[in-house]
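Novice: Protein chains in written order, with the numbering used here: chain A, 1 to 112; chain B, 1 to 112; chain C, 1 to 112; chain D, 1 to 492; chain E, 1 to 492; chain F, 1 to 492.
Ideal placement from N, C-alpha and C gives every residue a C-beta, glycine not left out.
Keep in mind it's a predicted model, so treat the numbers as computed, not measured.
Before anything else, here's the structure in question.
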Amino acid sequence: MKKIEAIIKPFKLDEVKEGLTAIGAHGLTVTEVKGFGRQKGHTELYRGAEYVVDFLPKIKIEVVIADEMVEAAIEKITSAASVGKIGDGKIFVIPVEEVVRIRTGERGQEAI
Amino acid sequence: MKKIEAIIKPFKLDEVKEGLTAIGAHGLTVTEVKGFGRQKGHTELYRGAEYVVDFLPKIKIEVVIADEMVEAAIEKITSAASVGKIGDGKIFVIPVEEVVRIRTGERGQEAI
Amino acid sequence: MKKIEAIIKPFKLDEVKEGLTAIGAHGLTVTEVKGFGRQKGHTELYRGAEYVVDFLPKIKIEVVIADEMVEAAIEKITSAASVGKIGDGKIFVIPVEEVVRIRTGERGQEAI
Amino acid sequence: METKTPFAFKGLAAAFGLGLVLMTAPAFAEEAVETAPATETAEAPAAEAPAAEAVASEAVAVEEAPAAEAAAEAPAEEAPGITPAELKVIADTMWLLIAGMLVFFMNTGFAMLEAGLCRQKNTVNILSKNVIVFGMASLSFWLLGWGFMYGEGNPFIGLADFMLSIPGEAGKVPKEASFFFQLVFAATAATIVSGAVAERIKYPAFFVFSFLLVAFIYPVTGHWTWGGGWLFEMGFGDFAGSTVVHSVGGWAALTGAIILGPRLGKFTANGVRPIPGHNQAMAALGMFILWFGWFGFNPGSQLAADAGPIAHITVTTNMAAAAGLLAATLVSYLMMGKPDLSMAINGALAGLVAITAGCDGVSVAGSVIIGLIGGAIVVVSVTFFDKIKIDDPVGALSVHLVNGIWGTLAVGLFNTEKGLLYGGGIDKLVSQVIGIVSIGAYVVIVSAILWFAIKAVMGLRVSSEEEYEGLDLGEHGMEAYPDFSVRKAPIY
Amino acid sequence: METKTPFAFKGLAAAFGLGLVLMTAPAFAEEAVETAPATETAEAPAAEAPAAEAVASEAVAVEEAPAAEAAAEAPAEEAPGITPAELKVIADTMWLLIAGMLVFFMNTGFAMLEAGLCRQKNTVNILSKNVIVFGMASLSFWLLGWGFMYGEGNPFIGLADFMLSIPGEAGKVPKEASFFFQLVFAATAATIVSGAVAERIKYPAFFVFSFLLVAFIYPVTGHWTWGGGWLFEMGFGDFAGSTVVHSVGGWAALTGAIILGPRLGKFTANGVRPIPGHNQAMAALGMFILWFGWFGFNPGSQLAADAGPIAHITVTTNMAAAAGLLAATLVSYLMMGKPDLSMAINGALAGLVAITAGCDGVSVAGSVIIGLIGGAIVVVSVTFFDKIKIDDPVGALSVHLVNGIWGTLAVGLFNTEKGLLYGGGIDKLVSQVIGIVSIGAYVVIVSAILWFAIKAVMGLRVSSEEEYEGLDLGEHGMEAYPDFSVRKAPIY
Amino acid sequence: METKTPFAFKGLAAAFGLGLVLMTAPAFAEEAVETAPATETAEAPAAEAPAAEAVASEAVAVEEAPAAEAAAEAPAEEAPGITPAELKVIADTMWLLIAGMLVFFMNTGFAMLEAGLCRQKNTVNILSKNVIVFGMASLSFWLLGWGFMYGEGNPFIGLADFMLSIPGEAGKVPKEASFFFQLVFAATAATIVSGAVAERIKYPAFFVFSFLLVAFIYPVTGHWTWGGGWLFEMGFGDFAGSTVVHSVGGWAALTGAIILGPRLGKFTANGVRPIPGHNQAMAALGMFILWFGWFGFNPGSQLAADAGPIAHITVTTNMAAAAGLLAATLVSYLMMGKPDLSMAINGALAGLVAITAGCDGVSVAGSVIIGLIGGAIVVVSVTFFDKIKIDDPVGALSVHLVNGIWGTLAVGLFNTEKGLLYGGGIDKLVSQVIGIVSIGAYVVIVSAILWFAIKAVMGLRVSSEEEYEGLDLGEHGMEAYPDFSVRKAPIY
Ligand SMILES: Nc1ncnc2c1ncn2[C@@H]1O[C@H](COP(=O)(O)OP(=O)(O)O)[C@@H](O)[C@H]1O
Ligand SMILES: Nc1ncnc2c1ncn2[C@@H]1O[C@H](COP(=O)(O)OP(=O)(O)O)[C@@H](O)[C@H]1O
Ligand SMILES: Nc1ncnc2c1ncn2[C@@H]1O[C@H](COP(=O)(O)OP(=O)(O)O)[C@@H](O)[C@H]1O
C-alpha cells in the first residue's frame, strides 16, 4: 500500500476529489498548508510599506491506496490539478506498511 | 522506527493521547484536517439553499515510535478512538529511517 | 528520495527556510500543528479557573529532497531551529518512492 | 442529523404564524375604524396648541414631503404657539425615545458578549437566539405583556390595554414612547436567559420560553412593582430594575440552567474544566455596547428629561461600572496571579446591574462602593456556581441574578434618604428583602413549571452527539465561520 | 498580479484630487469674504434673541474655553431671553442631528453585514468599499448632490445652493442640520449598491459609480419627491424613503449585478451553489447596528421633534422589524426545516425597509402586518433571484429593492387616512405605483448607461484569477486576517 | 512563565484597592451627612420652579415608580410651572449627556481599532488595556483629575473640588453633566497611549501610567487651557481638543514608544518589516465607531444645545473626516499603486483629529481642506515614524499627535475670524504655536519621568520570549480565539 501526498492549488480540490473517487478511492484526508516553491509569492501592503509573502496557500491531499492503483491515481491527480502554470504542485508516493480501520480493527487492503 | 498516522474524530483526541502516553510515547504531533470517506457529510443551509458538505473535521495524530511499540500503539489508538460508528478513522503505519532531536542532535531511538 | 519532516518552533520558520534554500532545496510545504512532548504546556485562566494546555503551537516543515542532500538538510535544520531549550523539535526522515510535478508530469529527481 | 422536533416545531411555527395573523386581524379591523382619532391622539400635544390649524396643515405637509423644505418652512409658523409645557413633553419624549434606542442597542451587546463567551461551534445558535428573542419579545409584549404589566387591573396583574387598545392622554408624553421604553426592558429580561442556557438548549424550546417570559412572567412581577401593584404599595424600590429586570431574567435563567444540567465535559471527575469562549474581542465589544446602552437603561428610567436627576444617574451608573471593572480585575489578579479579561468584563457588567436599582438615590461615592462590591461579588460568584455545578457559560447568573439582588439590597443601605447607612432606618431594607424574595419565589416557580412543560412537549436539550458537533450544525445547519479552518473541539 | 487599471485609475485619482482642490478653492475664497455673515446666520436663532449681547460675548467665551466653567456661567445669562419658539428650533435641531448620527452609524452596520456575508478572501475589499463610499458620498453630495436635490430649479431637478452657497434662514432649524441629515441618506443609497456587486467588481469602478450615484442619480429622483418636484405634486408619498432611498439604491444595484454577472461558481450545471458568508457574527452585528440606526432613519424623517409622531414612528419601525424577523425565521423554518440565521437577519432588514415609507401613517397593527409580509417576501425573493441567476451576495436586492417597492405600495394600502384598506380609495395606491415605476425606470436607465461607460473606460470586473484568489490580494494587496490560517477557497 | 512582576503588582493592586476604599470612605462619610442638600442641589433647577411642591411630590413618585404611570401622570402637573430658561438647561444637559455617551462609546472604537491593528497573539492584552483604562480613568479623574483641571486654583493648576466635593450652582447645567463629559475626554487621552505602546508593554506598567496620566498630566494642561489657566488667558484656542486631548495623549505615547523601543522584528537589517494587524474588519469597525463617537466629541464641546453651532460643527466634523479618508486613500494609491485600507482608516481619523480644534470656527470648505491635508499628512507621517524607527503599531502618533498639531495650527490659518488666511493676522497662529510647544514640552518631560520611574520600580517591557509567544499568554494566561487554529508568528 502507498500513501499518495499531493500538494495542489486550493481551488482544484473538488476536481481532484472527484477524479480519485472515480478510480475507486473511498477516502482521503485534506490539510490546509502553505507552500514555498518556484512559484513566486506576492507583494502585500500594510500601512504604507511593502513586504513579500513567500508562502502561498495550498491544499495537501493524502490518500492511501493499494499499490496497483498508484499509477491511476497519479494520472487522475495530474490531470485534474493541472492548470499548466508554475505552482500547480507535486505528488509524493510514500510506502505504507499497515493500515487499520479503527471502527472494525480490519487491517491491510480491506481497511483502506 | 515507524510513524503512526491516525485520523480520528476530534473529540477523541484526549483519550488517544492518554492511551499513547500510557504505553510510553513521549511526544506526538496533532493536525487539524478534513476527511472524506464512507461517513457521509451533512447538508448545510444558507439563505434558502441547501448544499452538501463532504469534508468533515478530523484530527490527524502523528507519533513516531520504535518498531516494537507499533502493535501496542495500534491497539491503544483503536480502543481509545473507537465509537463503533462509521467515520471513526484510520491508522497508517509508515517507515521512518531516521529521527533527530533538534535540541541535542541525538539520533535514532534516543531521539524519539 | 526522502521526505524530511521537521517539527519546529514557529518563530524559527524563516531561518529554517533560508537554511534549506541555501543548500538548494527549491520547495517546501509548511503546516501549522500542535505538539505534545517533553516541553510542558502552560496553565491558562478563564473566568476564575485554571486549566493546563498540553498542546503547543509548532510548525511542521515537509521537504522532499534527493538522498544525498539528507545529511546537509538535517544539519541546516538542526542549526537553524535550535534554541537549545526543550521543545526545539524533531526531524523525521521518511522514504519517498516517487515524485511527480503536476504541471509537467516530470518524475523523480527532476520533479523535486 | 435527524431530530424529532422539527415536526413538532413546524406545527408550532405554523400555529404561531396563524395565531399572529388572527390576533392582529381584529386589532387591524378595529383600527380601520378608529384610526383617525387614534392618530389625532398621537399628535395631541401639538393639536391642542393655539396654532392648531397651522399645525394640522403642516402635519399633512410633513407626511408628504419630509424634506429640507418642510423643515425649513414649518417651524416658523408653528413656533409662536408652542408652550413651555409642550416643550417639556417634547424633551421628555426625546429623552425616553433616545434612551429606549440605547436599551435596544443592548441586544447587540448581549449577542456579542454571549457569542464571544461561547464556543465557535455554537455561534450561529447563540446569535439566532439573541436575534429572535428581541423580535419575539416585541410581538409578545405588544400582544400581552404591556397589558398585564401596565393595564388597569388588581394589585397582582394588569388586565387592560392589550395591543395598546386604549388611547393615550393628551398633553403628556405619548403612550407609545412609554411603550417602546418598556418593551426594550422586557426584551432585556428575556435575553438574560439566553446566556445561561447556551450551548445545550434546543432552539424551539428557547423560542417558546422567551415568548412566555415576556408575555407573562416578567409583566406580572413588573405589575407588582412598576405597575403600581402590591410591592409598590409596600414601599419596595427598584429604580431601573436590578430586580424587576435583571433578577427576574436571572431567576428564570437559574431555573433553566439547573433543569438543563451542565454542558458535557464541564464538570469532570478531576474538577471544573473551563470551556473558554471563542472570541474575547467579541465579548469585549459586547461589554462596551452594554455599558453604552446602560446610559439609556438607567438615566432613561427617570422617564423625563429632568436635568439634575439624569446627570446624576449618568454619573453613578458610570462610576459603578468603572468600580466593578476595577474590583473584578484586582480581585481576580490577587486570586489567580493574572488579570483575567473575562472577569473584568463581567465585573463592569456586575457594577452596572448593581447600581441599576439605586442609581437615582445614592451619592457618587456610594455608587463607587456599590460597584466595587459588585465587582468583587462577581468573581466569587462565578467560582461558587462552578463549585455547586450549575453551569452558566457566560456568567449571566453572577452578573444579573446575584448582582441584581445585591443592587436591590444596596438601595436599603446606601439610599441617601432612606438607606440604613444614612440613618434612614431598617424599613427600606426590609421592603427590599420582601421584594427580592417574593419576586424570586414567583419567578422560580412559574419558570420551573414552564421549563418542565416545554421539556415534556418538545424536549429541552439537544442530543449529546449534537452537543459535541455543535448546535450550529444541529439546530441550524450552518457554520458561523465556514471559511476558516476550525476545530469543533478545542485542543487543550 | 499585473492589472491595467492602476495606471488609468492613478490618473483618475490624481485628477480627482486636483479637481477637489480646485473645486473647493473658490468656495473657500468666497467664504473668506462672506464668512462673518455666514457664521452669524448659523447662530442666528440665538443672535436675534433679546439678550443678544450676552450671547455674543458668550460666543467668544465658548470658542475659547469650551469647558466646565463656560458651561457653568453662560446659560444663566442667556436663559432669560430665550423664547419657546427658539427652544422648539433647538429641540428640532437636536433631534435631526442625533437622528443623522444614527443614520451615519448605519454605514457601520452595512460594512459589518456585507463583510460578514461575503467570503474571507474579499473582506478587505468590501470594507474598503464601505469605508470609501461614505467619504465619497459626503464630498459628492456637498459639491453637487444637495444642489440638484434641494436647490431651486424646476420640477425635475434642482439647480442651486451647490456647496451650501446660499445662507440659511434665521429662526429655523439651521440648514446645516438638514444638510447633514440628507447627506447620510444619500450615502445609504450608495452603500446598498456595494453589497449586490460585491466579490467581483473592481474597486475603482465602484468608486466612480458611487460618486455619480450620489452626485446625480439619487438627487434627481430625490428632487422629484422630497425636493418638491413633479412626483411630490402628484401625491406620491414616501415618508422616509422606501423608494427614494432603498429602491433607488436597489435599482442601481440590480443593474450592476446583471451587467457584472454572477460570481464564478455560484450557478453550476447542478444548480445554485450557495456561497456562505465567512462570519455570521459580523453579519448579526451589522443587522443590529442597522436596526439601531433605523431609529434615526425613520423617526428622524419627521424632521422635527414632534412628540406624538416620533413616538409613533419609533414604535411602528420597531414592530415591523420584529415582525419581519419572525416571519422570515418561520417561513425559512417551514420551507427548509431549520431556522436560517442569514434569513432572519434579512427578514428584520426587510421589515425595516418595508415600514420606511409608511411608518408615520400606519397603525401599529398595520406595521406588524407590513413587517410580516416583508419578512415572508424576502425569503421568496432571495430564492427567486437565485432562480433567475442574478447573483446578489448579501441579499441587497431582496431587502432594499423588493421590500422598498412593497413598503411604498403598502402606504397605498395601510395608510390610515388614504389607504385602500382604510377606505381611502385607490388614488393613493395609483400615485404610489406611478412613483415606483417612474423612479425605477429612470434609475435603471441612467445606471445602465453609467455602468457601461465605466466598463468601457476602466473595466468593471476583476479577472477570474483574481476572483479565485480574492479581491483582497488583487485590489488591495492586503489580507483581512493575516494571522489566521485561512483557506482561499472553502472546502465543501 | 514565571515573571517577577506579579508579586510587585499584587502588592500594588492590594495597595490600590485599599487606597480606593480609604479614599472613598471619607467622601462617603461626609456625604452621609451632607447628602440631603447635595441631592437637592442636583435637582435644584426643578426645585426652584414655582410648582415646587408638585415637583417635590413627583420626585418621590418617580423614585418609587419610574414606570409608565408616573410618566403619564407627572408631566401634566409639572409642566405649567416650567420656564424657558429651565428648558434651555434641560436641552443643554441632554445634549451634553448624549454627547458624553457618544464619547464614551469611542472607547469601543479604540478597543476594536487597536486590537484589529495588532497581532492575534496580543489581542487579550490590548483589549484588557482598553477596558481597564476607562475604568481606571473614571476613578482617577473623579478622585484627582477633575479637581486639578477645573477646581479653583492658580493659572497652572486647579486645587479644589476633588471628588466633586463642592455643590453645583442652581439654575445651570448640573455639574455632574459637565463632569461626565470631561471624564470621557480624559479617558480618551489615556486610551491614545495604549495603541502606541501596544504589543510589548507590561500590563501593570500601563495600568499605573494611565492612572497618573488621567490624575495629573492631562488635567494640568487641561487647566492651562479649558480650565481658564495661562494659555487660555494668552488666547490659545482649541475648541474640542486637538491639542488638549489628542496631542497630550500623543506626546505621552511618543515618549512611551521611544523608551520602550520597537517591537522585535519590526526593524531588521533589510529595512522595515510591516507587522500586519490581525483583523481588518475589527479595525474598520473601530474607525466607524470612532467617527460616530466624534459626533459627541466635537458638537458636544459646544457644551450647550445651541442650534446653529452644533449643526455647523457636526457638518465640519463629518466633512473633514470624509476628506481625510479620501486623501489618505488617494495618496496611498498614488504612492503604492493600491488603495490601502489601513491607511484609509487612519486618514479618516486624521481628518477627525485635525478638525477637532477648529470645528466651530472654520467654514465647511475650510473643514474639507483641513481634512484633505490631514489625510495626506497621516500617510507621510506613518512612513516617517517607520523611517526614524519609532514603532507605533496602530499609527496613534500620526493620527493623534501629528494631526493634533496640524489641527491646532489650522485654527490660526482657517478660523474665519482670526485665521491668517481670512485676514485675521498672525496673532492667533502665534498663540497656537506657543500652546502646542508648551504643552508638548510639559507632557514629554513629565511622561518621560513617569515612564522611567515605572521602569525602575516594576519594569516596562515584557521579556522577548513573552513577546514572541504573545502577551495574551504571558500577561493574562488567556487566548483570544482558543477555538481557532492559530499561529503565534505569522508565516510570510
Ligand atoms: N521539494 C519539495 N518538498 C515539499 N514540497 C514541495 C517541494 N517542492 C514543491 N513543493 C510544494 O509544491 C508547491 C508547488 O511547487 P512550485 O515549485 O511552486 O511549482 P511547481 O509545482 O509548478 O514546480 C509548493 O508551494 C510546495 O508546497
Ligand atoms: N484511503 C484513505 N486515505 C486517506 N485517508 C483516509 C482514507 N480512508 C479514510 N480516510 C480518512 O479516515 C476518515 C474516516 O474514514 P471513513 O471512510 O469515513 O470511515 P471509517 O474509518 O469508519 O471507514 C476519513 O474522513 C478520512 O479522513
Ligand atoms: N515521537 C514523536 N512523534 C511525533 N512528534 C513528536 C514526537 N516527539 C516529539 N514530537 C514533536 O516534537 C515537539 C518537540 O518535542 P519535545 O519533546 O517537546 O521537545 P524536544 O524536541 O526538545 O525533545 C513536540 O511538541 C511534538 O510536536
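For ligand 3, list every residue whose C-beta falls under 7 Å from any of its heavy atoms, going in chain order.
Specialist: In chain order, the qualifying residues are ALA25/B, HIS26/B, GLY27/B, LEU28/B, THR29/B, GLU62/B, VAL63/B, VAL64/B, ILE65/B, ARG101/B, ILE102/B, ARG103/B, ILE112/B, ILE7/C, VAL33/C, GLY35/C, PHE36/C, GLY37/C, ARG38/C, GLN39/C, LEU56/C, LYS58/C, ILE86/C, GLY87/C, ASP88/C, GLY89/C, LYS90/C.
Novice: Taking C-beta pairs closer than 7 Å, name the residues in chain D that LEU45/C reaches, listed in chain order.
Specialist: Near LEU45/C (Cβ distances below 7 Å), the residues of chain D are MET336, LYS338, ASP340.
Novice: Between which residues of its own chain and ASP483/E is the CB-CB distance below 6 Å, once the five residues before and five after are set aside?
Specialist: So no residue of the chain qualifies.
Novice: Could you work out which residues of chain B lie near ILE94/C, taking near to mean beta carbons separated by less than 8 Å?
Specialist: In chain order: LYS3, ILE94, PRO95, VAL96, GLU97.
Novice: When DSSP labels each residue in this structure, what does LEU285/F get in the three-state scheme?
Specialist: Looking at LEU285/F - three-state DSSP - the assignment turns out to be helix.
Novice: Return the residue from the list ILE8/A, GLY48/A, THR29/A, GLU5/A that minimises the CA-CA distance to MET335/F.
Specialist: The option with the nearest alpha carbon to MET335/F is GLY48/A.
Novice: Exposed or buried, which one is GLY265/D when buried takes at least 16 other CB atoms within 10 Å?
Specialist: Result: exposed.
Novice: Taking only beta-carbon positions, decide if LEU413/D is within less than 7 Å of chain F.
Specialist: No, no contact with chain F.
Novice: Please report the straight-line C-alpha distance between ALA205/E and ILE454/E, rounded to a whole angstrom.
Specialist: Those two C-alpha atoms are separated by around 6 Å.
Novice: Using only the alpha-carbon positions, how far apart do ALA54/D and MET101/E sit?
Specialist: Unreliable placement is indicated for ALA54/D, whose pLDDT of 33 sits below 50; no coordinate value is reported for it.
Novice: According to DSSP, is HIS246/D part of a helix, a strand, or is it coil?
Specialist: Helix, per DSSP.
Novice: Is the segment 213–228 of chain D touching the segment 136–149 of chain D in the sense that three or more CB pairs, one from each, lie closer than 8 Å?
Specialist: The segment 136–149 of chain D, when compared against the segment 213–228 of chain D, does touch it at the 8 Å Cβ threshold.
Novice: To which residues of the same chain is ALA44/F closer than 6 Å at the C-beta, ignoring the five residues directly before and after it?
Specialist: Any answer about ALA44/F is weak, because its pLDDT of 33 lies below 50 and its placement is not dependable; what the coordinates show is given next. Hits under 6 Å: ALA170.
Novice: Which of the three DSSP states is assigned to ILE275/F in this structure?
Specialist: Coil.
Novice: Alpha carbon to alpha carbon, what distance is there between THR191/D and LEU113/D?
Specialist: Cα to Cα, LEU113/D sits roughly 11 Å from THR191/D.
Novice: How would you write the range of the beta strand (DSSP E) that PHE232/D sits in, first residue to last?
Specialist: Taken as a continuous stretch (DSSP letters only), PHE232/D belongs to no beta strand (DSSP E), being part of the alpha helix (DSSP H) at 230–234.
Novice: Under 7 Å Cβ-Cβ, which residues of chain E neighbour GLY24/B?
Specialist: Residues of chain E passing the Cβ test: none, with the nearest at roughly 32 Å.
Novice: Report yes or no: is there a C-beta of chain B within less than 7 Å of the C-beta of TYR203/D?
Specialist: No, TYR203/D does not count as interfacial toward chain B.
Novice: For a cutoff of 7 Å on Cβ pairs, would you count SER463/F as touching chain D?
Specialist: Output row for SER463/F: interface = no.
Novice: So, with DSSP's three-state summary, where would you put THR314/F?
Specialist: THR314/F: helix per DSSP, three-state reduction.
Novice: Closer than 8 Å by beta-carbon distance: list the chain E residues that pair up with VAL446/D, in chain order.
Specialist: Going along chain E, no residue has its Cβ under 8 Å from VAL446/D, so there is no contact; the nearest lies around 24 Å.
Novice: Report yes if the C-beta distance between GLN120/D and VAL124/F is below 7 Å; otherwise report no.
Specialist: For GLN120/D and VAL124/F, no; Cβs fall outside 7 Å.
Novice: Identify the contact partners of GLY222/D in chain E, using a Cβ-Cβ distance below 7 Å as the criterion.
Specialist: The premise fails here: GLY222/D is roughly 19 Å from chain E at the closest Cβ pair, so nothing lies under 7 Å.
Novice: Are at least three pairs of beta-carbons, each pair with one atom in the segment 69–83 of chain C and one in the segment 413–429 of chain D, less than 8 Å apart?
Specialist: Counting Cβ pairs under 8 Å, fewer than three are found: no touch.
Novice: Whose C-beta lies closer than 6 Å to the C-beta of PRO10/C among residues of the same chain, with five residues either side of it excluded?
Specialist: For PRO10/C, where only same-chain residues beyond five positions count, the Cβ hits under 6 Å are PRO57, ILE59.
Novice: So, using beta-carbon positions, are ASP391/D and ARG273/D closer together than 7 Å?
Specialist: Against a cut-off of 7 Å, the Cβ pair of ARG273/D and ASP391/D comes out as no contact.
Novice: Could you check if HIS26/B is buried or exposed, using at least 16 other CB atoms within 10 Å of its CB as the buried criterion?
Specialist: Per the 10 Å Cβ criterion, exposed.
Novice: For TYR481/E, tell me which candidate among VAL399/F, GLY222/F, TYR203/F, PRO276/F has the shortest Cα-Cα distance.
Specialist: Nearest C-alpha to TYR481/E: PRO276/F.
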